[in-house]
Every structure is written in structure tokens, then in C-alpha cells.
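Peer 1: Here it is, the structure, as C-alpha cells.
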Amino acid sequence: MTQSSEADQQKPGQSVNSHQSELENKADIYIQHEEVKDAEHANIELASTKSEDAFKRYPTQVVVATGYTAGYESTGKTEGHPQYGITFSGLKVQRDEISTIAADLSTFPLGTVLYIPEYGYGIVTDIGGAIKGNKIDLYYDTVDEVFNEWGKRELEVYVIEQGDGTVNQEDLEVWKKKIEDRVVPVMSNE
């Protein structure tokens, strides 16, 4: 069998023969892409299309979730206070791809990562005087956001990773990268 006949018999997805033209290689890739696109249009359920299904492998826990800010109304500290915006762990509060949240450390130790539906990912970096047992407090930048976007809810959260009692800035950066790179599931509406 000659090399050219091997290339003619090659199936999409197999390694490309060195004599096959670059254009033929691009055509195979395009055809493979179209096949996946057609499968999606035919309403064939693909595992990756149901983002909520991706969370099913994680344990859940029912919690009462409230919101808090760095401000006086939540922490008793004003902007001039040296500890303003600083969590129990020493990290600065943040609302981002992974936000800082407060919890009872006997329920969710520092470093625990939760996925909270309609809020997103949170990492336990803080505690609160009224946060006991199955209660968590979600960080928001403003009081208006606390009341208009969250309030108080009882809901089921996903325990993505149980913390070991420590958390630092590097942990936040690692989780931010995991979320951005979609190493962990992300709901399509977030």
C-alpha cells in the first residue's frame, strides 16, 4: 500500500499522514465540528450541555444564607478602621468569580469552597457573630445589593471542597483560575 492510499483511507480524528495537505486536514476538522453542531441542533442531550447536572457529583447541604458588607451595618467597622474589609482569615473581602463568605467553622472550615446557586462560588474566609450551624453569610459590595439581590434564603448549596482550616490569597487565585478555565462546573446563567 502506498502512502497516498493510506491518507485516502484515513478517518477523521486519526493522525494526519505527512503527505496529506494542510487543506485536507482543515476540512476534516471542519467536518468534525459540523457533526457536533448538528448533534446539538438535533436535540441530542450531551453531558456538557446540562450545567446543573455537572454539580450532581458534589455533596449538598441545606443552609440559611444571608448577605453582608464590609460596612458598619454588618461588621461594626467604618472605612477608616484598620481592619475594614478584612476577613477573619486576614484576606480582603471580594465579590468576584469566587467570593468571600462567612460560615460557622465547625460546619464549614476555613478554605471550604461552596457553589451557591444564583450567587456563584464562595470560599469560607470569615466568621460572623450570628453565623452558627447551617448559616452562611455571602459578601456583597453594598447594602442595596444585599437586600435587592439576595436578602435571606434557605437553599441547597454544593460542597465543592471541604476546607482544611486554612485559606490564603494563593488559594483564592487557584480557585479563580479553576473557575475561569472551567475546571469546575459553572451554571450557564452566571
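Residue numbers (the working numbering): 335 to 524. Using N, Cα and C, we set each Cβ at its ideal position, and we do this for glycine too.
#1: Could you check whether Ala404 and Ile470 sit closer than 8 Å to each other, using their CB atoms as the reference points?
#2: How about Glu514 and Glu431: do their beta carbons lie closer than 8 Å?
#3: Using a Cβ-Cβ cut-off of 7 Å (strictly less than) and excluding sequence neighbours within five positions of Ile465, which residues of its own chain qualify?
#4: For Gly485 versus Thr446, is the C-beta distance shorter than 8 Å?
#5: For Ser352, which residues of its own chain have a beta-carbon under 6 Å away from its beta-carbon, when the five flanking residues on both sides are left out?
#6: Between the alpha carbons of Tyr418 and Met521, how many angstroms are there, rounded?
#7: Considering only DSSP beta bridges, list what Val520 is partnered with.
#8: Measure the beta-carbon distance from Val501 to Leu425 and round it to whole angstroms, keeping in mind my assumption that it falls under 8 Å.
#9: Hey, could you find the ends of the alpha helix (DSSP H) Glu452 is sitting in?
#10: What separation, rounded to the nearest whole angstrom, lies between the Cα atoms of Glu407 and Ala388?
#11: Near Gln503, what residues of its chain come up, given a Cβ to Cβ distance below 8 Å and the 5 sequence neighbours on each side ignored?
#12: Determine the DSSP secondary structure at Lys466, reduced to helix, strand or coil.
#13: Between Gly462 and the rest of its own chain, which residues show a CB-CB distance below 6 Å, the 5 nearest in sequence each way excluded?
#14: Measure the CB-CB distance between Asp475 and Ser423 and report whether it falls below 8 Å.
Peer 2: To lay it out plainly:
#1: The answer is no: Cβ separation not under 8 Å.
#2: In terms of Cβ geometry, Glu514 and Glu431 form a close pair [threshold 8 Å].
#3: These residues qualify, in order along the chain: Ala436, Ala437, Asp438, Asp471.
#4: Gly485 is not a Cβ neighbour of Thr446, given a cutoff of 8 Å.
#5: Model confidence at Ser352 stands at a pLDDT of 40, short of 50, so the residue's coordinates are unreliable; what they give is reported in the following sentence. Counting only Cβ-Cβ distances below 6 Å, and skipping sequence neighbours, we find nothing.
#6: Rounded to whole angstroms, Tyr418 to Met521 spans 32 Å at the Cα level.
#7: Beta-bridge pairing links Val520 to no other residue.
#8: Your pair Val501 and Leu425 checks out as a contact, with CB atoms roughly 7 Å apart and the cut at 8 Å.
#9: It is not in any alpha helix (DSSP H) - Glu452 carries neither H nor E in the DSSP assignment.
#10: One Cα belongs to Glu407, the other to Ala388, and the distance between them is close to 37 Å.
#11: The residues are Leu425.
#12: In the structure shown, the three-state DSSP call for Lys466 is coil.
#13: Excluding residues within five positions, the ones whose Cβ falls inside 6 Å are Ala436, Asp471.
#14: In this structure, Ser423 does not lie closer than 8 Å to Asp475 by Cβ.
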